[in-house]
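Only one structure is covered here, and it is reproduced in the block below.
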Amino acid sequence: MAHAVEPEYTTTGLNHRKLLMWVFLGSDCLFFGALIATYMVYRGQSLTGPYPIDIINVPVTTISTFVLLMSSFAMVQALAATHADNKRAIVGWLVATAVLGSIFIGFQIVEFNTFKNEGLTLGGNLFGATFFTLTGFHGAHVTLGIIWLVAMAIVANKGRVGPNSALDIELLGLYWHFVDIVWIVIFTLLYLIAGFDAGPAAVPGG
Amino acid sequence: MAHEIEHTTNHPSFKQYVLIAIILFAITIVEFLLIWGRAGIVDYLGASKIPLLVGLSTVKFAIVIMYYMHLKFDHRLFGTVFIGGLALAFLVGIALLGLFVGFGGGQRTYAEDRAIPYTEHEEHEAAETTTPATGETETPAATGPLAISISAVGETLAFDTDSITADSGSEVTITFNNPSANNQHNLVIVQEGMKDAVAADGTAAGPANNWVPPGDARVIANTILLDPETSGEVTFTAPASGTYQFVCTFPGHNFTMFGNFIVN
Amino acid sequence: MAAITGVISRPTSYAGVWSWITTVDHKRIAVLYGATALVFLMIAGVEAGVIRMQLSSADNDLIGAGRFNQMFTMHATVMIFMVIMPLSVSFFNFVIPLAIGARDVAFPRLNALSYWIFLFGAILMHMAFLVDQVPDAGWFSYANLTEKPFSVNRGLDYWSISLLVLGSSSVAGALNFVVTIINMRAPGMSMMRMPVFVWMTLITSLLLVLAFPVITVGLIELTMDRNFGTHFFIPAEGGDPILWQHLFWVFGHPEVYILILPAMGIVSEVLPTFSGKPLFGYPFIVFSGIVIGIMGWAVWSHHMFTVGLGPVANSVFTITTMLIGVPTGIKIFNWIGTMWKGAVEFTSPMLFALGFVSLFIIGGLSGVSHAVSPSDFQQQDTYYIVAHLHYVLFGGSIFGAFAGIYYWYPKLTGRMLSETLGKLNFWLMFIGMNLTFFPMHFLGLNGMPRRIYTYSAEFGWENMNQLASLGYIVLFLSFVVFFVNIWQTRNARRVSHDPWDAPGLEWSIASPPPAYNFAEIPQVEGLDQYWIDKQKARDAGTPLTEPEALVDPDSIHMPSPSYWPIFVAVGVALIGGGLLSHYAISFVGGAITMMGVIGWGNEPATAPSDHH
Numbered sequence: 032m033a034h035a036v037e038p039e040y041t042t043t044g045l046n047h048r049k050l051l052m053w054v055f056l057g058s059d060c061l062f063f064g065a066l067i068a069t070y071m072v073y074r075g076q077s078l079t080g081p082y083p084i085d086i087i088n089v090p091v092t093t094i095s096t097f098v099l100l101m102s103s104f105a106m107v108q109a110l111a112a113t114h115a116d117n118k119r120a121i122v123g124w125l126v127a128t129a130v131l132g133s134i135f136i137g138f139q140i141v142e143f144n145t146f147k148n149e150g151l152t153l154g155g156n157l158f159g160a161t162f163f164t165l166t167g168f169h170g171a172h173v174t175l176g177i178i179w180l181v182a183m184a185i186v187a188n189k190g191r192v193g194p195n196s197a198l199d200i201e202l203l204g205l206y207w208h209f210v211d212i213v214w215i216v217i218f219t220l221l222y223l224i225a226g227f228d229a230g231p232a233a234v235p236g237g
Numbered sequence: 007m008a009h010e011i012e013h014t015t016n017h018p019s020f021k022q023y024v025l026i027a028i029i030l031f032a033i034t035i036v037e038f039l040l041i042w043g044r045a046g047i048v049d050y051l052g053a054s055k056i057p058l059l060v061g062l063s064t065v066k067f068a069i070v071i072m073y074y075m076h077l078k079f080d081h082r083l084f085g086t087v088f089i090g091g092l093a094l095a096f097l098v099g100i101a102l103l104g105l106f107v108g109f110g111g112g113q114r115t116y117a118e119d120r121a122i123p124y125t126e127h128e129e130h131e132a133a134e135t136t137t138p139a140t141g142e143t144e145t146p147a148a149t150g151p152l153a154i155s156i157s158a159v160g161e162t163l164a165f166d167t168d169s170i171t172a173d174s175g176s177e178v179t180i181t182f183n184n185p186s187a188n189n190q191h192n193l194v195i196v197q198e199g200m201k202d203a204v205a206a207d208g209t210a211a212g213p214a215n216n217w218v219p220p221g222d223a224r225v226i227a228n229t230i231l232l233d234p235e236t237s238g239e240v241t242f243t244a245p246a247s248g249t250y251q252f253v254c255t256f257p258g259h260n261f262t263m264f265g266n267f268i269v270n
Numbered sequence: 152m153a154a155i156t157g158v159i160s161r162p163t164s165y166a167g168v169w170s171w172i173t174t175v176d177h178k179r180i181a182v183l184y185g186a187t188a189l190v191f192l193m194i195a196g197v198e199a200g201v202i203r204m205q206l207s208s209a210d211n212d213l214i215g216a217g218r219f220n221q222m223f224t225m226h227a228t229v230m231i232f233m234v235i236m237p238l239s240v241s242f243f244n245f246v247i248p249l250a251i252g253a254r255d256v257a258f259p260r261l262n263a264l265s266y267w268i269f270l271f272g273a274i275l276m277h278m279a280f281l282v283d284q285v286p287d288a289g290w291f292s293y294a295n296l297t298e299k300p301f302s303v304n305r306g307l308d309y310w311s312i313s314l315l316v317l318g319s320s321s322v323a324g325a326l327n328f329v330v331t332i333i334n335m336r337a338p339g340m341s342m343m344r345m346p347v348f349v350w351m352t353l354i355t356s357l358l359l360v361l362a363f364p365v366i367t368v369g370l371i372e373l374t375m376d377r378n379f380g381t382h383f384f385i386p387a388e389g390g391d392p393i394l395w396q397h398l399f400w401v402f403g404h405p406e407v408y409i410l411i412l413p414a415m416g417i418v419s420e421v422l423p424t425f426s427g428k429p430l431f432g433y434p435f436i437v438f439s440g441i442v443i444g445i446m447g448w449a450v451w452s453h454h455m456f457t458v459g460l461g462p463v464a465n466s467v468f469t470i471t472t473m474l475i476g477v478p479t480g481i482k483i484f485n486w487i488g489t490m491w492k493g494a495v496e497f498t499s500p501m502l503f504a505l506g507f508v509s510l511f512i513i514g515g516l517s518g519v520s521h522a523v524s525p526s527d528f529q530q531q532d533t534y535y536i537v538a539h540l541h542y543v544l545f546g547g548s549i550f551g552a553f554a555g556i557y558y559w560y561p562k563l564t565g566r567m568l569s570e571t572l573g574k575l576n577f578w579l580m581f582i583g584m585n586l587t588f589f590p591m592h593f594l595g596l597n598g599m600p601r602r603i604y605t606y607s608a609e610f611g612w613e614n615m616n617q618l619a620s621l622g623y624i625v626l627f628l629s630f631v632v633f634f635v636n637i638w639q640t641r642n643a644r645r646v647s648h649d650p651w652d653a654p655g656l657e658w659s660i661a662s663p664p665p666a667y668n669f670a671e672i673p674q675v676e677g678l679d680q681y682w683i684d685k686q687k688a689r690d691a692g693t694p695l696t697e698p699e700a701l702v703d704p705d706s707i708h709m710p711s712p713s714y715w716p717i718f719v720a721v722g723v724a725l726i727g728g729g730l731l732s733h734y735a736i737s738f739v740g741g742a743i744t745m746m747g748v749i750g751w752g753n754e755p756a757t758a759p760s761d762h763h
């Protein structure tokens, strides 16, 4: 990636790319915010089941949440290894992050399939539409992150990642942690709180 | 002037990172216990579980941002741009929610009035197939069968006749031709004066039901929804003598696409 | 990876078509954006002409209802996303690095990428004409008219997917300018010593990165409804068409500030230059801009007063909308204060700037009447709103852009646009604009609804409509004059580097600027630095008559050209195009994009210390 960098002059003393990444993450907050808002607005609006309480599995998703949190830990270790110029550790921790991220995606895929088999589809009701769209785009963000991690691991394995290029790992880390904190919000709202939303008790009109 | 600051600012040590990971882990466990039925806590909490869960998650959120994303040790500007976006997303989201859920907008009652309870998947499928939405066929009555041909007019929202007639008890077959290149139409026989009310309920019933409310007593018979440049027919027994109406219940068409069905 | 990037070596030349395709020079990218925008201006102008000719008489049958819907949808969509926004970005590109004393933007290749994605997105939208499935649901495409039973053909899919592509271009560009303005200012240029145009660009760019994600979500949900069976906006399944309106206008209102703030910035540069005085109340103008940017998020439902949100919501948004008129008013007073007792020269740029101020006041006044929700109930969906929006967008953004074109043209090309033709251009545009749009206030209050393809003579609207259509002809002539003016500068005499005696740093260097902009990065001591420099030189008895001396371009390292931006842009365009035709094409596009990103990251520098 970046070649040997002489520190360039910047007005604030901050790196251009780091500033770019933070502004981009601020922008991505609006993206997920709009998707979450759609979910919250349509909470309780589905005309037919399945409703969240019928299929949301909080224990299993709690496990996948742990996995993602641990991947953030691994990511932080990858950055520390970069500063320490420890090539094997860099590659190891990057791969660990990617593996944990992939396990999370695995959980998501299994969950999507289970829900589909239990009758929750994109077009079936609003819960399906909003749930799959929101978690689907989050999953897409995670997947892009995994691809980035694998690419960086390959580059690191060639010995081209070190303290001079720590910024590249740091930027990847910022993106990865962002994806993690978005999941914290999704987990709390969609699973812990709204996961117990039920449909109506009786047929309308009697 | 300001050259890039060398990355010598504080980093938490390995042990501190592990501690942070354990804290995140622990908070998640607490959140889980708060809602897990078998732990029994949730029964005491009631609605207060929501602020508790939100609070705990906010703490996790803040810890990841401050330590993993290093914002605590970094230049303020990064935090400003990110928190700016985050705060905006939060405020706009709350405003949207408020506009939908509160302020007397009446947005929620539609679903509340019409939502059906969830049944297991297979039962649901079985229930659906027993309600046909297409026209009904009945055994021919005493008097001879009658064939009526009716058509929409080009691209306009109108039938080519405003009156059709039949004898009570006779078998009537209406062939409806839709010559339009753009519009879908149907033909629905309804009780007198009911065309607009049935059309309104038809809109609610949706295209899957051919824009006709299923099992509605005001509907004598109806064709399915016809695509552009197709024809369809419906056969039924003419009801007791009197005046009825025929109408197209595609949303919005009922205002101009209707006529009288006179049964002698 | 070297195998991919080594196949074609990194370009180095600055001549020929390939050099334009691979350019990362902000000045060239500005020309690309500007030229493309002017082409789309003509296209959207023709669409406006068709509308005006159809409406010029009652019961007219020049075109039918379906085609009319397509015309007003495309006219607005093209004008907003493919004319005003790229014109603004053209100015950002050309002026910002020069105004802050920088040699380029923070991310030159990302800058080029933004342009190419914009071009391909705009072409993608217009391919709808080739298949005669043109979007026809209005530029705001309200649900659920836009859902499949009611909008059967693919027009709305062309609209949604193209806007998603165009949006990514805008966000990429805006991110670039945020970092450039925060991080690449010359030494001594604190935030409060930045020219107002730079401030407005910063605020606009922040609005862009924050607003586009919201409409992205809306467009995704619409596309899913139309193509993947969801029911986000379908009432029969519990969805709510009003959610579309909210998502659209949460984006849409900051969008109109995105459209006007750059023009306000341009005017804030032009007025002081031709009044011979510094801008009056600089801090107030800056803070007003910031307040407009922030408050712009709190007013969106004033576009939805007649939807039935309820009296509480309507009252809240009435209040916030009335409040947002205040910072704009502050700006206008400060602009007037700038001219007060100044040595005012009525050059072409100055005329356009004054046209902006006066026409924007009129548009703002009708805006104030919309802010009050009870009166908006009468005005909504009538020609009164059409009048308002054209006064602020045409009288505002377009006049501001033209002020900027006439002002900075000599810096870009070293030649001046003809003053005679410029004045003719201005007066025809000013008269034509008022002739076209002022009658619409009356038409609206007399009940003429928007978006109707014809009307009956008995309504009595025909005379005003004829007047408006006549105004269109005058406007058409004004644009002909403009293009003639541009054309004739091929042989115009060259002018000095500083023909206007202007205050900005960009005027201290040669016209056209050398590739490296500044031989020596300037040291900034205050606002209007070049005026300070010129004054000091005059006081010392050695007036500055020459621009900064040119140096050997090879002695200053500049970012090398690159083909990866257009490569990645092709990939992104194919992703969009594939969604409109065969999904396989999208996968190919995705692969191309990924290859492009990898190639980009591994691209060798042609000079040893290149790290962009």
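Quick mapping for you: the protein sequence lines, in order, are chains B, X and C. Going by the working numbering, the first residue of the first sequence is number 32, and it counts up by one from there. Going by the working numbering, the first residue of the second sequence is number 7, and it counts up by one from there. Going by the working numbering, the first residue of the third sequence is number 152, and it counts up by one from there. Ideal Cβ positions, reconstructed from N, Cα and C, are used throughout, including at glycine.
Range covered by the beta strand (DSSP E) that runs through residue i
i	result
alanine 227 of chain X	225-228
glycine 403 of chain C	Here glycine 403 of chain C belongs to no beta strand (DSSP E); instead the alpha helix (DSSP H) covers 392-424.
glutamate 570 of chain C	Careful: glutamate 570 of chain C lies outside any beta strand (DSSP E), inside the alpha helix (DSSP H) at 570-596.
valine 458 of chain C	Element bounds for valine 458 of chain C: n/a, residue is neither H nor E.
8 Å Cβ cutoff, residue i in contact with chain B
i	result
threonine 355 of chain C	no
glutamate 144 of chain X	For glutamate 144 of chain X, the pLDDT reaches just 40, beneath the cut-off of 50, and the residue's location in the model is therefore unreliable, although a value from the coordinates is still provided. Not an interface residue.
leucine 412 of chain C	no
leucine 315 of chain C	no
alanine 250 of chain C	no
Candidates the options, of which the one nearest residue i by Cα
i	options	result
leucine 165 of chain B	B/Val54, B/Leu51 and B/Gln139	B/Gln139
glutamate 142 of chain B	B/Gly167, B/Gly154 and B/Thr69	B/Gly167
methionine 278 of chain C	C/Glu298, C/Ala263, C/Trp310 and C/Leu183	C/Trp310
threonine 236 of chain X	X/Gly43, X/Leu51 and X/Pro185	X/Pro185
methionine 351 of chain C	C/Arg305, C/Val748, C/Gly459 and C/Ile417	C/Ile417
asparagine 188 of chain X	X/Phe256, X/Val240 and X/Ala227	X/Phe256
leucine 317 of chain C	C/Arg377, C/Tyr293 and C/Ile366	C/Ile366
Residue interval of the alpha helix (DSSP H) (run including residue i)
i	result
valine 365 of chain C	347-378
alanine 153 of chain X	Per DSSP, alanine 153 of chain X belongs to no alpha helix (DSSP H); it is in the beta strand (DSSP E), 152-157.
serine 169 of chain X	Premise fails: serine 169 of chain X lies in the beta strand (DSSP E), 169-172, not in any alpha helix (DSSP H).
asparagine 334 of chain C	306-334
Do the segment 214-225 of chain C and the segment 159-169 of chain C make contact, defined as three or more Cβ pairs closer than 8 Å?
no
Should the segment 658-673 of chain C be regarded as contacting the segment 584-602 of chain C, the criterion being three or more beta carbon pairs within less than 8 Å?
no
Could you name the residues of the segment 217-250 of chain X whose beta carbon sits closer than 7 Å to any beta carbon of chain B, in the order they occur along the chain?
none
With three or more beta-carbon pairs closer than 8 Å as the criterion, would you say the segment 571-583 of chain C touches the segment 526-533 of chain C?
no
What are the residues in the segment 164-195 of chain B lying within 9 Å of chain X by C-beta distance?
Pro194
Counting Cβ pairs, one atom from each stretch, are 3 or more of them under 8 Å apart for the segment 108-117 of chain B and the segment 200-215 of chain B?
yes
Any residues in the segment 85-96 of chain X with a beta carbon nearer than 9 Å to a beta carbon of chain C? Which ones, in chain order?
Val87, Gly90, Gly91, Leu94 and Ala95
Select from the segment 460-478 of chain C all residues with a C-beta closer than 7 Å to any C-beta belonging to chain X, and list them in chain order.
Leu460, Gly461, Val463 and Ala464
With 9 Å as the C-beta to C-beta threshold (strictly closer), list the residues of the segment 372-404 of chain C near chain X in chain order.
Ile385, Pro386, Ala387, Glu388, Gly389, Asp391, Ile393, Leu394, His397, Leu398 and Val401
Could you please tell me which residues of the segment 77-99 of chain B, in chain order, have their CB closer than 7 Å to any CB of chain X?
Ser77, Leu78, Thr79, Gly80, Pro81, Tyr82, Asp85, Val89, Thr93, Thr96 and Phe97
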